[in-house]
Structures are given as structure tokens and as C-alpha cells.
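Structure record follows, encoded as C-alpha cells.
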Amino acid sequence: MTMPKFDYVRAGSLVQAVRLMNDAEYTNKLIAGGTDLLVYLHYEQPSFTRVVDISFLDELKIMEQYGDEILLGAGVCFTDIIESSLLQEKVPFLVEACRSIGSPQIR
Numbered sequence: 752m753t754m755p756k757f758d759y760v761r762a763g764s765l766v767q768a769v770r771l772m773n774d775a776e777y778t779n780k781l782i783a784g785g786t787d788l789l790v791y792l793h794y795e796q797p798s799f800t801r802v803v804d805i806s807f808l809d810e811l812k813i814m815e816q817y818g819d820e821i822l823l824g825a826g827v828c829f830t831d832i833i834e835s836s837l838l839q840e841k842v843p844f845l846v847e848a849c850r851s852i853g854s855p856q857i858r
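The following block contains the structure:
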């Protein structure tokens, strides 16, 4: 089985990611990490023509406390949570839960 062909673009901002996803010239697939993408491609013929990677968008990696609430952005990964001193102090059960997911190599 040969690897299917598709375009790859790393979005530089959230605004650019939205523009790329709305580009009707392509059938887009959004990824944030892509661990499962290779597994998917091994078993399925892709229904997309371009992958838009949002893994590196700082706008999605927010970890901030507002009063008694903590905001975690959609791009915060398990390792970020495990290594956060704020989360270790305020929500240690979340840190422990994240430690139990996957291995360090795939977090």
C-alpha cells in the first residue's frame, strides 16, 4: 500500500487556520498533533486533500487562572498539564489523570 498524497500546511495563527479550513479548493482535515493520522492512513483512503496543522498555535495553549477558575486552551496537551506548577497546585487530580494517559512518548 502506498502512502496517499495530500498537502500539508502548518497554520501560523488561528485566523489563518480558519481561512485555510474555509478554502473551498481543498477538502481539509484539521490536526493538532496527528498521532492518529498515520494509523488512519494505514487503514483508510483519505477523504481529504489537505491537512491543516494547528499544533503550534500559541493562542490555543492558554493556561490561566481567573479567580477560582482555570482556563485551559484547546491546544494544551497532557505533558503541558503534567508540567504546570499552577495545575499541580490547584488541580492535582487532573495532573494525575493526565499521567495515566498514554506513554510519555505519545503524550
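Residue numbering for the sequence shown follows our numbering, starting at 752 and increasing by one per position.
We treat Cβ as the ideally placed atom computed from N, Cα and C, and that holds for glycine.
Asked                                                                                                             : Found
Nearest-angstrom Cα separation, counted from V766 out to M772                                                     : 10 Å
Alpha carbon of S764 to alpha carbon of L808, nearest angstrom                                                    : 6 Å
Nearest to A768 (by Cα), restricted to the options L837, H793, K756 and L781                                      : L781
Any 3 or more C-beta pairs closer than 8 Å across the stretch 809 to 823 and the stretch 788 to 797               : no
4-residue-minimum alpha helix (DSSP H) runs that sit fully inside the stretch 776 to 843, ordered along the chain : 786 to 794, 829 to 834 and 836 to 841
First and last residue of the uninterrupted beta strand (DSSP E) at D758                                          : D758 to R761
P755 versus T778: straight-line alpha-carbon distance, rounded                                                    : 14 Å
Residue burial classification, I813 (beta-carbon count within 10 angstroms, cutoff 16)                            : exposed
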